[in-house]
Amino acid sequence: MEYIPSKLLQDAVDQFSRLPGIGKKTALRLILDLIKREESTVNNFANSLITLKANIHNCRICGNLSDEETCTICQNPKRSQRLICIVENVRDVIAIEQTGTYRGTYHILGGLISPIDGIGPSDLNIEQLMARIDSEGADEIVFALSANMEGDTTCFYLSRLLRDKVGKISQIARGVAFGGDLEYTDELTLARSLESRTEYKQN
Numbered sequence: 005m006e007y008i009p010s011k012l013l014q015d016a017v018d019q020f021s022r023l024p025g026i027g028k029k030t031a032l033r034l035i036l037d038l039i040k041r042e043e044s045t046v047n048n049f050a051n052s053l054i055t056l057k058a059n060i061h062n063c064r065i066c067g068n069l070s071d072e073e074t075c076t077i078c079q080n081p082k083r084s085q086r087l088i089c090i091v092e093n094v095r096d097v098i099a100i101e102q103t104g105t106y107r108g109t110y111h112i113l114g115g116l117i118s119p120i121d122g123i124g125p126s127d128l129n130i131e132q133l134m135a136r137i138d139s140e141g142a143d144e145i146v147f148a149l150s151a152n153m154e155g156d157t158t159c160f161y162l163s164r165l166l167r168d169k170v171g172k173i174s175q176i177a178r179g180v181a182f183g184g185d186l187e188y189t190d191e192l193t194l195a196r197s198l199e200s201r202t203e204y205k206q207n
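Sequential numbering of the sequence shown, starting at 5, is according to the numbering used here.
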């Protein structure tokens, strides 16, 4: 076990290492770097996290993270409100937005159907999606979910619910490899997958 000379340092390392992708050694490096910085810098860092946690919330329409009741994408009059891209999480929205090619809106499910993990349709943001479509309608729904068993199961379930409510249901092209997550797909591949989307067909 790595030697840490201070309980305060150990506590900070323990907190940082709870974050995904950050092990004990990385956490220690980050903390030691913060210790060397000006007190004002550390205070600004801490205050930004406190302010973030206290004030950020989910968009009432799509579930995206937002400083206001409605996110900037849903507020944008240049975005097509009747073209809705279904994604798993906020990271997928960020990945698609970085391509600069998509001009519709989003709906974030907050996960994927996974019976083995005990995640069913009622655990996802599906009821809000249905209410949104019943209220505002949609010309096209685009499935942009991870190319794995859980993603395919979720697409199939949603297609059964949506097939009589929207004009068209499509999914991004399989430029995204099976088993791959959208957030780790390079921008060019993701952009081409969106542009080359095809009609969704239930298998």
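Just so it is clear, CB atoms sit at the ideal spot from N, CA and C, and this is done for glycine as well.
Report the partner residues of residue i according to the DSSP bridge assignment.
i: residue 62; result: 69
i: residue 21; result: Beta-bridge pairing links residue 21 to no other residue.
i: residue 108; result: 84
i: residue 46; result: DSSP, once it has assigned bridges, lists no residue as partnering residue 46.
i: residue 145; result: 88 and 173
i: residue 123; result: 118
Consult DSSP for residue i and reduce its assignment to one of helix, strand or coil.
i: residue 183; result: The predicted position of residue 183 is uncertain, since its pLDDT is 42 and thus under 50; no value can be drawn from it.
i: residue 176; result: coil
i: residue 34; result: helix
i: residue 170; result: coil
i: residue 75; result: coil
i: residue 10; result: coil
i: residue 154; result: helix
i: residue 161; result: helix
i: residue 201; result: coil
i: residue 16; result: helix
i: residue 56; result: helix
i: residue 26; result: coil
i: residue 195; result: helix
Could you spell out the range, first to last residue, of the alpha helix (DSSP H) harbouring residue i?
i: residue 97; result: 94 to 101
i: residue 140; result: 130 to 140
Sorry if obvious, but does the Cβ on residue i come closer than 6 Å to a heavy atom of the ligand ADP?
i: residue 41; result: For the ligand ADP, the structure offers nothing, since it holds no ligand at all.
Hey, would you say residue i sits closer than 7 Å to residue j, going by beta carbons?
i: residue 201; j: residue 176; result: yes
i: residue 87; j: residue 144; result: yes
i: residue 105; j: residue 198; result: yes
i: residue 34; j: residue 20; result: yes
i: residue 204; j: residue 160; result: no
i: residue 74; j: residue 116; result: no
i: residue 135; j: residue 170; result: no
i: residue 76; j: residue 195; result: no
i: residue 154; j: residue 118; result: yes
i: residue 108; j: residue 70; result: no
(Q) I'd like to know if the segment 90 to 110 and the segment 23 to 30 are in contact, where contact means that at least 3 CB-CB pairs between them fall below 8 Å. (A) no
Q.
Check whether the segment 66 to 73 and the segment 110 to 118 are in contact - that is, three or more C-beta pairs closer than 8 Å.
A. yes
Q. At a cut of 8 Å, does the segment 146 to 165 reach the segment 117 to 134 through at least three beta carbon pairs?
A. yes
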